[in-house]
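Colleague: Under my numbering, the first residue of the sequence shown is numbered 187, with each subsequent residue one higher.
Cβ coordinates follow ideal geometry from the N, Cα and C atoms, glycine included.
Take a look at the following structure, please.
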Amino acid sequence: MKERKTGWLIPIFYYKYREILAHTAFRFGLCCPIYCCMPDHIHMLWVGILDGCDQRNAMRFFRTQLNPALKQLGARFQNQPYDHVLREEKRERVAFEEVAEYIARNPERQELVPPDGYAEYAYSGGLVPGYPELKPFEDDYWERFWRIYSHLLKNGLHV
């Protein structure tokens, strides 16, 4: 957020955030296996599921769509986002899951939840288009995620 503004992370904003994230995922052919909305910033880990996935344009679209909701709450995204592209070795399954866990544990590091309480944080989750039942903190999440991800890579966003 611009100037690390706080006060915008409320339930109604969170629902709008998920709505815009879902539209972005479908429109640009990506999924977000983990996100964490912190009181003054947002972490998202995206991965493309379509050959033509353009994550930079997706982020531009996402920010453009979400900024009006932030503006109503007296906040806005900073002008220059801090986007980070994972190096090839971080895209391997184990390393990727470690990055996701690092993102998920942000509320612990900020003492918003007790140690190992990150799964209970109200503003963390994931979004895979077409799979609303997939929840990041369930025991079989990563096995299911990789199976679904593989299916989406092969078949796209249709049944």
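Report yes or no: do the segment 220 to 228 and the segment 189 to 202 share at least 3 C-beta pairs separated by less than 8 Å?
Modeller: Contact between the segment 220 to 228 and the segment 189 to 202 is present, because at least three Cβ pairs lie under 8 Å.
Colleague: Straight-line CA distance for residue 310 to residue 316?
Modeller: Rounded to whole angstroms, residue 310 to residue 316 spans 19 Å at the Cα level.
Colleague: Please classify residue 203: does DSSP put it in a helix, a strand, or coil?
Modeller: Of the three classes helix, strand and coil, the one that applies to residue 203 here is helix, per DSSP.
Colleague: Measuring CB atoms only, is the segment 233 to 248 touching the segment 201 to 214, in the sense that at least three cross pairs come out at less than 8 Å?
Modeller: Counting Cβ pairs under 8 Å, three or more are found: they touch.
Colleague: Let me confirm a value: residue 312 is counted as buried when at least 16 other C-beta atoms fall within 10 Å, else exposed. Which label applies?
Modeller: Residue 312 is buried by the Cβ-count criterion.
Colleague: Suppose contacts are defined by Cβ-Cβ distances below 8 Å. Is residue 332 in contact with residue 279 by that definition?
Modeller: Yes. Within cutoff.
Colleague: Exposed or buried, what is residue 342 when buried is set at 16 or more other beta-carbons lying within 10 Å of its beta-carbon?
Modeller: The residue in question, residue 342, is exposed, as its Cβ has fewer than 16 Cβ neighbours within 10 Å.
Colleague: Suppose only complete runs of 3+ residues qualify. What are the beta strand (DSSP E) ranges in the segment 303 to 336, listed by chain order?
Modeller: Runs found: 310 to 313.
Colleague: What number of angstroms, rounded off, separates the C-alpha of residue 171 from the C-alpha of residue 214?
Modeller: Summary: the structure shown does not reach residue 171, with the chain confined to residues 187 through 345, and so no result is reported for it.
Colleague: For residue 187, report the span of its alpha helix (DSSP H) as first-last.
Modeller: Where residue 187 is concerned, there is no enclosing alpha helix (DSSP H), given that its DSSP letter is neither H nor E.
Colleague: In this structure, does DSSP put residue 285 in helix, strand or coil?
Modeller: Of the three classes helix, strand and coil, the one that applies to residue 285 here is helix, per DSSP.
Colleague: I need the straight-line Cα distance from residue 218 to residue 257, nearest angstrom please.
Modeller: So the two alpha carbons sit approximately 24 Å from each other.
Colleague: DSSP three-state label for residue 299, please.
Modeller: Residue state, collapsed to three classes: coil.
Colleague: For the alpha helix (DSSP H) that contains residue 254, what are its first and last residues?
Modeller: Its alpha helix (DSSP H) spans residues 241 to 258.
Colleague: So, for residue 293: in the same chain, excluding its five sequence neighbours on each side, which residues have a beta-carbon less than 6 Å away from its beta-carbon?
Modeller: Excluding residues within five positions, the ones whose Cβ falls inside 6 Å are 299, 304, 307.
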